[in-house]
Amino acid sequence: MNRKYRKTVIAGNWKMNKTPSETKDFMNQFKSIMPKGRWCDIALCVPAVCIPAAVRAVRDTRVGIGAENCNANASGAYTGEIATNMLVDAGCKYVIIGHSERRAMGETDADVNAKVLAALEAGLTPIMCCGESLEQRQADVTSEWIAMQIKLGLQGVPEEKIRKVIIAYEPIWAIGTGLTATPEQAQEVCESIRAVVRKLYTSKHARAISILYGGSMNEKNAFDLLAQPDIDGGLIGGASLVPEKFVQIIEAANQPTV
Ligand code: PEP
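Going left to right, the sequence shown walks through residues 0 to 257 as numbering that gives the first Met the number 0 numbers them.
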């Protein structure tokens, strides 16, 4: 992390877990133990039907609520989809875009790019995910693959908006598997992502963008991952479902930075 130049962000991704009633229970518990310090931004990205309950619950806190997906179109005949302005109106601040679980359902880099642009246009903070498969890592093409995802995902994002984008590096082989990238592996890729942003924009922009690590981050490994200079926070799945664990990860972000 480097709090001097960029925000530290601890974000939860609930995926398809918790009902609106369970959301209320989680938030009550979470709020009662939430750390008071302001060393990081806290986001919770929840299933669409849980957004109203989550937004209501965090009204008096500094937690921002996010969605797990959006549609790039403003409105129209897209049954079952949710537009970015709907998310804003519902009280969302963030939206996860291009999670590998959605890419596995057919989402392309062009879709990711359109959603990033739509989210920025609406005033949402996109958390744009990228990550390699185990086969790609073993074939030693991780950095080329990630660079391509970043370039395609950020196409058309103007200089004045790039700081608003959060990038989440999530190796697919580490998501929900209990396998975590080592701090060194995660740092290496996050550093390479910053280098891609530097090439696409400027050093100043690259220094200012927050890059998160995601993939079985938990209360035990968070401190070491967050100690890396180019890892500015975490996108956390499983461990964000348990208030005590999520709080411990937030606390791990309270450490001296480079
Ligand atoms: C995720 O869903 O983005 C994720 C990183 O999940 P987990 O922490 O459970 O691996």
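Glycine included, each C-beta is placed from N, C-alpha and C at the ideal position.
Check: Residue from Q137, C91, D139, P170 whose Cα sits closest to the Cα of L119; Outcome: C91
Check: Which of helix, strand or coil DSSP assigns to L119; Outcome: helix
Check: Element boundaries [beta strand (DSSP E), containing P125]; Outcome: 124–129
Check: Contacting residues, own chain, Cβ-Cβ under 6 Å from A121 (five flanking each side not counted); Outcome: T83, N84, V87
Check: Distance cut-off 6 Å: N265 Cβ against heavy atoms of the ligand PEP; Outcome: What is shown of the chain runs 0 to 257, which leaves residue 265 out entirely.
Check: Beta carbon of H204 nearer than 7 Å to that of I161; Outcome: yes
Check: Rounded straight-line distance, which links the Cα of V164 to that of Y212; Outcome: 14 Å
Check: Uninterrupted beta strand (DSSP E) stretches inside the segment 124–173 (no shorter than 3 residues); Outcome: 124–129, 165–168
Check: Best match in G75, K35, V48 for proximity to V62 [C-alpha to C-alpha]; Outcome: K35
Check: Distance between M127 and S20 (C-alpha atoms, nearest Å); Outcome: 28 Å
Check: Local conformation of S215 per DSSP, three classes; Outcome: coil
Check: Secondary structure of V8, DSSP reduced to three states; Outcome: strand
Check: Heavy atom of the ligand PEP within 6 Å of I249 beta-carbon; Outcome: no
Check: N70 - DSSP class collapsed to helix/strand/coil; Outcome: strand
Check: DSSP three-state assignment for G237, whether helix, strand or coil; Outcome: helix
Check: Among R206, C49, T124, the one whose alpha carbon lies nearest that of T22; Outcome: C49
Check: Distance between G65 and A167 (C-alpha atoms, nearest Å); Outcome: 14 Å
Check: Run of the beta strand (DSSP E) containing D40, from where it starts to where it stops; Outcome: 40–44
Check: Span separating the alpha-carbon of A109 from that of G152; Outcome: 7 Å
Check: Near the ligand PLP: S215 beta-carbon under 6 Å from a heavy atom; Outcome: Of the ligands this structure carries, namely the ligand PEP, none is the ligand PLP.
Check: Alpha-carbon to alpha-carbon, N16 and A47; Outcome: 11 Å
Check: Anticipated Cβ contact below 8 Å, V195 with K244, distance rounded; Outcome: The Cβ separation is near 32 Å, so there is no contact.
Check: Residues near G177 by beta carbon distance below 8 Å, same chain, minus five either side; Outcome: S215
Check: Outcome for E131 when other beta-carbon atoms lying within 10 angstroms are tallied against a minimum of 16; Outcome: buried
Check: Opening and closing residue of the beta strand (DSSP E) in which I96 lies; Outcome: 93–96
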